[in-house]
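Trainee: Please read through the structure below; I'll follow up with questions.
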Amino acid sequence: MAEYNYQKQIERWEVFEFSCPGKTEGNPFTDYEITGVFKSKNEEVKVDGFYDGEGIYRVRFMPSFEEGYHFEINGNFSESSYNGNFLAVPASGNNHGPVRVAKTYHFAYEDGTPYFPVGTTCYVWEFQSESLQKKTLETLRGGPFNKIRFCILPKHYEYNLREPCTYPYEGKPMDSSGLTNENFQEYLGKTAGNQWDFKRFNPAHFRHIEKCINSLRELGIEADLIVMHNYDRWGFSLMNAECDDLYWNYVIARFSAYRNVWWSLANEYDLMTQKKITDWERYAGILCKKDPYNHLRSIHNCRPFYDHSRPWITHCSIQRQDIYKCAELVAEYREQYKKPVVLDEISYEGNVQYGWGNISGKEMVRRFWEAACRGGYAGHGETFLNPEIVMWWSHGGELHGESPRRLGFLHRILSETPGHGLMPKKMDWDDIAVTTEESVKDTGYYLFYFSFMRPSFRDYYFDDENEYRVEVIDTWGMTIEDRGCFKGKFRVELPGREYIAVRIQRVNQ
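In terms of the working numbering, the sequence shown opens at residue 166 and continues consecutively.
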């Protein structure tokens, strides 16, 4: 029997990996199969393995329970079959398991710890230079973000003209030496000159992404993987159905055992005009069948929304459709889809010429608060012009905007709410009022946000029996002022400026 390797003990929700040599004749990516079956007292899971190059096959598995497991590895990749045992021990540190939908509209880790997403977008940060990747991780380590959207495939777009540090397939790219920001559109859809074998993956490309997923996991950050997109000069968006399905199966086999993975089927699916709804539904079917852990699943739009009521979609990943209204519509989306609403693209803080990337930090923070106070979540991005053409939105690196620290402050406020999240509550016509999703238990928690309005005082009345502690929050200045406790009808004096919130909590009796 050939030499093989696996861990004898790992934490619950960590990645168990079995590896061994196998056949290399022909095309190992298509000619051979490897599968694993994992059994314990509480679960039995079958997963696909994959060929990782250099004659090595791997099978990965994420145990969901703290107990002993037995596994069997089979397939035509080898003349031998394998089996063994390992122990899943309790999770430690920031290992809370995968993120799940909680209370219909919100999220929690599998161990029950509430999760409040404050996401950002860095489309191809992992395909930049090693020094820039390192700088991105350093920025994330000290920042407020606990989710990051990025692509598995390289991206071609304005300000995104460099060749990536790695490619997903064997072969070589077209000559792009004449490519500039002025003529980049001419390269979209052109494939002449590319020489790829879409049935032979470049394992180094996917190993690199796994390294990045691991680095994010160590920082407690969810990896929201964008599997497909239209911004392409290499031909990856134009593969036929057979190669698309091969790609999906390979990606799922490699990445699904990582607890911090989310699946975004596409960025701006509607711009991929060569793909039909039947294609997207087929990809979703593969994902639901082959990912045994049911990681969060979404699909992102440019203009028309996908039908977020589809049962395979776990949460709404939304790009604004209106130049002005966005976060203001969260309550409507909640009511329509009965799922968590994540506004992954509400425009970016920056100064590029396009309306998707030139709002101020104050407007970015306002939109985050508007979304949160309507029971949803928003996503950040940054697009400041600079001579090096390094923008956080795509390349990562350093942050230059005013919003990130304030978004961290918002995350603190959200983390201090009872239960799993906020829900809109109609109080007065001219404010945004929220309570918690556990309001059926009458938590006595209220948060009022005045956005661009600036009242100098506000009158409140809840009941005559209980006392309520009042705090005035400056969402831009990041201050919380304790105003004491009140009973019956009372007035709260306010600073008369924008972006003020009032938090009122019933004093425990």
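Even glycine gets a Cβ: it sits at the ideal position worked out from N, Cα and C.
What you are looking at is a predicted structure, and each value in this text was computed from that prediction instead of being measured.
(1) Nearest CA to the CA of tyrosine 542: which residue from Tyr614, Phe549, Asp509?
(2) Cutting at 6 angstroms between CB atoms, please list the residues of its own chain near tyrosine 396, excluding the five before and the five after it.
(3) So, with DSSP's three-state summary, where would you put phenylalanine 281?
(4) Using a Cβ-Cβ cutoff of less than 6 angstroms, which residues in the same chain neighbour aspartate 276 once the five nearest sequence positions on both sides are dropped?
(5) Check whether the region 238-245 and the region 199-219 touch, using three or more Cβ-Cβ pairs below 8 angstroms as the test.
(6) Between tyrosine 234 and phenylalanine 203, how many whole angstroms is the CB-CB distance? I'm expecting something under 8 angstroms.
(7) Hey, out of Ala388, Ile645, Ile464, whose CA is closest to leucine 305's CA?
(8) Is lysine 591 near the ligand HEM, judged by its Cβ being under 7 angstroms from some heavy atom?
(9) Enumerate in chain order the residues of its own chain whose CB-to-CB distance from leucine 403 is below 8 angstroms, with the five nearest sequence positions on each side excluded.
(10) What runs of the beta strand (DSSP E), each 3 residues or longer, lie entirely inside the region 248-275?
(11) Please report the straight-line C-alpha distance between arginine 314 and glutamate 328, rounded to a whole angstrom.
(12) I'd like the ranges of any beta strand (DSSP E) spanning at least 3 consecutive residues and lying wholly in the region 278-319.
(13) Could you pull the start and end residues of the alpha helix (DSSP H) that glycine 653 belongs to?
(14) To the nearest angstrom, how far is the alpha carbon of aspartate 217 from that of serine 246?
(15) To the nearest angstrom, how far is the alpha carbon of phenylalanine 549 from that of glycine 609?
(16) If distances are taken between C-alpha atoms only, which option among Asp340, Asn359, Leu318, Asp409 comes closest to histidine 373?
(17) Exposed or buried, which one is phenylalanine 617 when buried takes at least 16 other CB atoms within 10 Å?
(18) What does DSSP give as the partner residues of proline 186 in its beta bridges?
(19) Consult DSSP for leucine 587 and reduce its assignment to one of helix, strand or coil.
(20) Would you check if the distance between the CB atom of threonine 286 and the CB atom of tryptophan 534 is smaller than 8 angstroms?
(21) So within the region 446-504, which uninterrupted beta strand (DSSP E) runs reach at least 3 residues, ignoring any that extend past its ends?
(22) What does the Cβ neighbour count give for isoleucine 524, buried or exposed, with the cut at 16 atoms within 10 Å?
(23) Would a C-beta distance cut-off of 8 angstroms place tyrosine 169 and phenylalanine 183 closer than the cut-off?
(24) Of all the options Gly562, Thr269, Glu375, His545, which has the alpha carbon lying nearest to the alpha carbon of arginine 225?
(25) Throw me the rounded Cβ distance for the serine 421 and tyrosine 448 pair, which I believe falls under 8 angstroms.
(26) Touching or not, the region 288-304 and the region 377-392, by the rule of three or more beta carbon pairs under 8 angstroms?
(27) Helix or strand or just coil, what does DSSP make of tryptophan 178?
(28) Would you mind working out which of Pro505, Gly520, Glu514 sits nearest aspartate 487, comparing C-alpha positions?
(29) Out of Gly220, Pro228, Phe194, Pro193, which has the shortest C-alpha to C-alpha gap to valine 210?
(30) Rounded to the nearest angstrom, what separates phenylalanine 613 and cysteine 538 at their Cα positions?
(31) DSSP three-state call for arginine 668: helix, strand or coil?
(32) When the distance is taken between beta carbons, is aspartate 213 closer than 8 angstroms to asparagine 414?
(33) Can a CB atom of chain E be found closer than 8 angstroms to the CB of glutamate 446?
(34) In the DSSP assignment, find the beta strand (DSSP E) that holds methionine 618 and state where it starts and stops.
(35) Quick check on the burial criterion: 16 or more other C-beta atoms within 10 angstroms. Buried or exposed for proline 309?
(36) Near valine 517, which residues of its chain fall below 7 angstroms by C-beta distance, leaving aside the five closest residues on each side in sequence?
Mentor: So, from the listed chains and residues:
(1) Asp509
(2) Lys320, His321, Tyr322
(3) coil
(4) His261, Gly262
(5) yes
(6) 5 angstroms
(7) Ala388
(8) No copy of the ligand HEM appears in this structure; indeed no ligand is present at all.
(9) Gly354, Thr356, Asp397, Gln439
(10) 264-267, 271-274
(11) 20 angstroms
(12) 284-286, 312-316
(13) Note, glycine 653: premise wrong, no alpha helix (DSSP H); not H, not E.
(14) 18 angstroms
(15) 42 angstroms
(16) Leu318
(17) exposed
(18) Ile221
(19) strand
(20) no
(21) 481-484
(22) buried
(23) yes
(24) Glu375
(25) No, serine 421 and tyrosine 448 are not in contact; Cβ-Cβ is about 14 angstroms, not under 8 angstroms.
(26) yes
(27) coil
(28) Gly520
(29) Pro228
(30) 8 angstroms
(31) strand
(32) yes
(33) Of the protein chains in this structure there is only one, and it is not chain E.
(34) That residue, methionine 618, is in no beta strand (DSSP E); it is neither H nor E in DSSP.
(35) buried
(36) Asn523, Thr548, Leu550
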